[in-house]
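Okay, so the sequence shown: first residue is 1025 according to the numbering used here, each after it adds one.
A virtual CB, placed ideally from N, CA and C, is assigned to each residue, including glycine.
Bear in mind that the values here come from a model prediction, so they are computed numbers and not experimental data.
Data first, discussion second: the structure below is written as structure tokens.
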Amino acid sequence: MATEERDRGGHHGAAGGPAGGAADGAAGGGASGAAYEPEPLSDLERGTVQRAQLRTRVADIAWTALVVVLAAWVLWSAIGVARAEANAWVYCAIGAVLFAVALWARLSTLRARARTRL
């Protein structure tokens, strides 16, 4: 927003009066015809650090949610095994395998990320 106001002040402010001149002086633009200053990228455009961090953060949240849901499934199935519910041991075994694989994948990505950030 401030960039847009500065740009407007730079285009119209030189002949527009004291408000435009103050905006040009504060922005460092000075006289009309100054070097073109490109507009800064917004936070989530391609190639920005913030976009890469967002992807990593979303992946972290997704993996954590998956591990928590699978752990709850295994726990609930184990309670079913203790109560002698029908086929609870099958659900518990499948959940345990899925939980182990998801946890292994999550931990290996964390280790790989730690190695690449050095």
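Assigned exposure category for residue i - 16 Cβ within 10 Å defines buried
{"i": "V1098", "result": "buried"}
{"i": "A1046", "result": "Caution is warranted here: a pLDDT of 48 is assigned to A1046, below 50, making its placement in the model unreliable, and no coordinate value can be reported."}
{"i": "G1071", "result": "exposed"}
{"i": "R1139", "result": "exposed"}
Residue i - DSSP class collapsed to helix/strand/coil
{"i": "R1058", "result": "It should be pointed out that residue 1058 corresponds to Ala in this sequence rather than to Arg. Correct three-state label for A1058: coil."}
{"i": "T1072", "result": "coil"}
Residue i and residue j closer than 7 Å at C-beta
{"i": "A1095", "j": "V1105", "result": "no"}
{"i": "L1127", "j": "V1091", "result": "yes"}
{"i": "C1116", "j": "A1102", "result": "yes"}
{"i": "L1068", "j": "R1079", "result": "no"}
{"i": "R1130", "j": "W1087", "result": "yes"}
**Prompt:** Which ranges would you report for the alpha helix (DSSP H) in the region 1082-1136 if only whole runs of at least 4 residues count?
**Reply:** Taken in chain order, the whole alpha helix (DSSP H) runs of length 4 or more contained in the region 1082-1136 number zero.
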